[in-house]
Amino acid sequence: MYRDHTRTIKIGDRVIGGGNPVLIQSMTNTRTEDVEQTVKQILELERAGCEIIRCAVPTMEAAKALAEIKKQIHIPLVADIHFDYKLAIAAMENGADKIRINPGNIGSRERIQAVVDVAKERNIPIRVGVNSGSLEKELVEKYHGVTAEGLVESALDKVHIIEKMGYDKLVISIKSSDVMMCARAHELIAEKTDYPLHVGITEAGTLFSGNIKSAVGLGIILYQGIGDTIRVSLTGDPLEEIKSAKRILKTLGLRQGGIEVVSCPTCGRTQIDLIGLANQVENLVQDIPLDIKVAVMGCVVNGPGEAKEADIGIAGGKGEGLLIKKGEIVRKVPEDQLLQALREELLHWHENSEEVVKP
470 MYRDHTRTIK IGDRVIGGGN PVLIQSMTNT RTEDVEQTVK QILELERAGC EIIRCAVPTM
530 EAAKALAEIK KQIHIPLVAD IHFDYKLAIA AMENGADKIR INPGNIGSRE RIQAVVDVAK
590 ERNIPIRVGV NSGSLEKELV EKYHGVTAEG LVESALDKVH IIEKMGYDKL VISIKSSDVM
650 MCARAHELIA EKTDYPLHVG ITEAGTLFSG NIKSAVGLGI ILYQGIGDTI RVSLTGDPLE
710 EIKSAKRILK TLGLRQGGIE VVSCPTCGRT QIDLIGLANQ VENLVQDIPL DIKVAVMGCV
770 VNGPGEAKEA DIGIAGGKGE GLLIKKGEIV RKVPEDQLLQ ALREELLHWH ENSEEVVKP
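Under the working numbering, the first residue of the sequence shown carries the number 470, and numbering increases by one thereafter.
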């Protein structure tokens with residue numbers, strides 16, 4: 470998977486594009502004016518693995534709050550602006566590392582120019598965003614509906630407006646809740662420009678449906694080497710977005726680190742609460758910084774063989790289970806001690822391993 474075709478853009482102290490790692494973004498759902506709660510949420514997201522954070526800036530009070538927020542966090546801060554060009558300028562003056570605008574709703578060219586002038590002066594990148602829900606009427610008519618081609622034309626039109634103003638530190642985002650339309654739009658725009666792309670399926674939905682749509686959509690796009698930052702948009706706690714984004718990147722081989730838990734789907738031979746045990750193991754390994762695979766199997770008959778591709782695993786039986794390493798049985802363990810035995814083994818591995826995830 471080659472990812473070296475986009476130009477590099479610096480956002481705060483991070484660099485995207487040019488084959489750099491795909492970075493994980495999220496967005497706060499607090500009132501940005503509430504500095505304490507916003508900072509609290511951002512720090513929680515940082516600890517979970519968020520690498521760029523975006524905040525809504527609907528008021529001048531929110532724009533001014535960015536200055537204090539910026540002092541207390543450790544990742545690049547993006548200001549999300551709609552309609553009012555003065556908010557974009559104020560956000561940059563108060564420390565935003567990047568701004569997200571849709572030039573189509575900012576107003577006149579003079580207002581766009583005012584925003585671009587401040588961005589240029591402060592060397593702040595602009596993310597140009599288009600959304601299928603607000604595609605221009607003339608493009609809907611031209612393409613007989615909302616289409617990938619229309620989204621790409623809309624995005625490039627807006628990029629060209631800013632380019633003509635003498636600025637090219639740009640990131641493009643094309644969002645749609647239609648997974649296949651979004652994927653096609655990214656394929657098309659990747660052929661037409663070398664600007665970095667922020668990728669996400671917008672309005673993806675709840676934790677269940679949103680994760681499925683995001684995994685499918687982002688998987689299709691990222692597998693083609695397209696995308697420089699991602700967000701898994703979910704209706705719920707933003708922490709869940711980070712967990713999902715990390716798993717998507719790891720599954721595609723774009724991110725190392727973190728324990729991967731695999732478990733069997735259960736069958737008539739299962740004699741333990743495998744579903745509960747697998748969930749307990751997932752919770753157990755979240756904060757253990759190893760880059761390994763852990764298997765949770767439901768029976769001692771096939772468990773060792775099925776777990777041979779994992780680094781370590783457990784297989785449950787009636788009243789007892791097995792601790793397994795690389796497909797080899799290490800020892801038998803009473804059923805009620807399986808989880809503790811696995812935990813102790815993982816912590817011992819962590820203390821003696823070089824396979825620790827680098828921050």
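Quick reminder that beta carbons are idealized off the backbone N, C-alpha and C, glycines included.
Which listed residue (the options) has its alpha carbon closest to that of residue i
| i | options | result |
| --- | --- | --- |
| Gln806 | Gly785, Glu797, Glu632, Ser603 | Gly785 |
| Val754 | Ile741, Gly745, Glu729 | Glu729 |
| Ser683 | Gly694, Glu709, Glu660, Ile658 | Glu709 |
| Ala531 | Pro545, Thr499, Glu513, Gly518 | Thr499 |
| Lys719 | Ile761, Thr671, Ser732 | Ile761 |
| Gln749 | Glu775, Gln809, Leu759 | Gln809 |
| Leu657 | Thr616, Asp637, Gly635, Arg523 | Thr616 |
| Val585 | Ala560, Leu792, Pro545, Ser603 | Ala560 |
| Asp566 | Gly481, Lys715, Arg716 | Gly481 |
| Arg812 | Asp756, Lys509, Leu639 | Asp756 |
| Ser732 | His667, Gly705, Val763, Ile478 | Val763 |
| Ile631 | Lys539, Glu789, Tyr612, Asn571 | Asn571 |
| Pro541 | Ile695, Pro527, Arg653, Ile522 | Note that residue 541 is Gln in the sequence shown here, rather than Pro. Ranking the options by Cα distance to Gln541, first place goes to Ile522. |
Alpha-carbon spacing of residue i relative to residue j, whole angstroms
| i | j | result |
| --- | --- | --- |
| Lys777 | Met649 | 36 Å |
| Gly688 | His655 | 12 Å |
| Gly487 | Asp663 | 9 Å |
| Ile497 | Pro665 | The question names Ile, but residue 497 is Thr in the sequence shown. About 23 Å. |
| Gly576 | Leu703 | 30 Å |
| His543 | Ile511 | 9 Å |
| Tyr692 | Gly722 | 9 Å |
| Glu562 | Ala588 | 9 Å |
| Glu660 | Glu775 | 42 Å |
| Lys827 | Gln725 | Here the model assigns Lys827 a pLDDT of 41, short of 50, so the residue's position is not dependable, and the following value carries that caveat. So the two alpha carbons sit approximately 9 Å from each other. |
| Thr735 | Gln494 | 35 Å |
| Thr739 | Gly674 | 34 Å |
| Met529 | Tyr554 | 11 Å |
| Met470 | Val802 | In this prediction, Met470 has a pLDDT of 48, which is less than 50 and means its spatial position is unreliable; nothing more can be read from the coordinates. |
| Lys638 | Gly564 | 17 Å |
| Arg578 | Ser623 | 16 Å |
| Glu605 | His551 | 16 Å |
| Ile581 | His629 | 12 Å |
| Glu824 | Glu610 | Its pLDDT being 49, under 50, Glu824 is placed unreliably by the model, and the measurement read from it follows with that caveat. C-alpha separation (whole angstroms): 55 Å. |
| Ser678 | Glu590 | 43 Å |
| Ser603 | Asp549 | 16 Å |
| Pro545 | Pro594 | 12 Å |
| Gly796 | Leu816 | 20 Å |
| Gly598 | Asp647 | 16 Å |
| Gly454 | Asp780 | Past the boundaries of the shown model lies residue 454; the chain is included only from 470 to 828, so the question cannot be answered. |
| Val799 | Ile690 | 42 Å |
| Ile478 | Cys768 | 51 Å |
| Arg596 | Glu607 | 23 Å |
| Gly737 | Leu743 | 12 Å |
| His651 | Ile741 | Sequence inspection shows Cys at residue 651; the His mentioned does not correspond to that position. Roughly 43 Å separates the two Cα atoms. |
| Gly573 | Tyr636 | 17 Å |
| Lys794 | His819 | 15 Å |
| Val508 | Glu789 | 46 Å |
Span of the beta strand (DSSP E) around residue i
| i | result |
| --- | --- |
| Asp482 | Taken as a continuous stretch (DSSP letters only), Asp482 belongs to no beta strand (DSSP E), as it is neither H nor E. |
| Ser623 | Unbroken run through Ser623 is the alpha helix (DSSP H), 617 to 632; no beta strand (DSSP E). |
| Leu608 | That residue, Leu608, is in no beta strand (DSSP E); its alpha helix (DSSP H) goes 606 to 611. |
| His667 | 666 to 668 |
| Val597 | 595 to 600 |
| Val640 | 639 to 644 |
| Ser495 | 492 to 496 |
Residue i and residue j closer than 8 Å at C-beta
| i | j | result |
| --- | --- | --- |
| Asn752 | Ser713 | no |
| Ser642 | Leu620 | no |
| Val547 | Arg569 | yes |
| Leu514 | Pro707 | yes |
| Thr671 | Ile485 | no |
| Glu537 | Val504 | yes |
| Met766 | Gly745 | no |
| Ile711 | Cys524 | no |
| Arg716 | Gly669 | no |
| Pro773 | Leu791 | yes |
| His667 | Val640 | yes |
| Ile558 | Ala534 | no |
| Asn676 | Gly694 | Looking at the sequence provided, one finds Leu at residue 676 rather than Asn. Not in contact: Leu676 and Gly694 (Cβ atoms no closer than 8 Å). |
Any non-hydrogen atom of the ligand SAH closer than 7 Å to residue i Cβ
| i | result |
| --- | --- |
| Val750 | Within the structure as shown, the ligand SAH is missing, as the structure has no ligands at all. |
N-terminal and C-terminal residue of the alpha helix (DSSP H) that residue i is part of
| i | result |
| --- | --- |
| Val685 | 676 to 692 |
| Val648 | 648 to 661 |
| Arg700 | Premise fails: Arg700 is in no alpha helix (DSSP H) and is neither H nor E. |
| Asn821 | 807 to 821 |
Short CB-CB distance (under 8 Å) between residue i and chain C
| i | result |
| --- | --- |
| Asp549 | Looking for chain C here will not work: only one protein chain is present. |
### Within the stretch 748 to 801, ranges of the alpha helix (DSSP H) (whole runs, at least 4 residues)
With a minimum length of 4 residues, the continuous alpha helix (DSSP H) runs that stay inside the stretch 748 to 801 are 772 to 775.
### Message
Give the list of continuous beta strand (DSSP E) stretches no shorter than 3 residues that lie fully inside the stretch 705 to 741.
### Response
Taken in chain order, the whole beta strand (DSSP E) runs of length 3 or more contained in the stretch 705 to 741 are 729 to 732.
### Query
Fully enclosed by the stretch 501 to 578, which beta strand (DSSP E) runs are 3 residues long or longer?
Fully enclosed beta strand (DSSP E) runs of no fewer than 3 residues occupy 521 to 525, 546 to 549, 567 to 570 of the stretch 501 to 578, in order along the chain.
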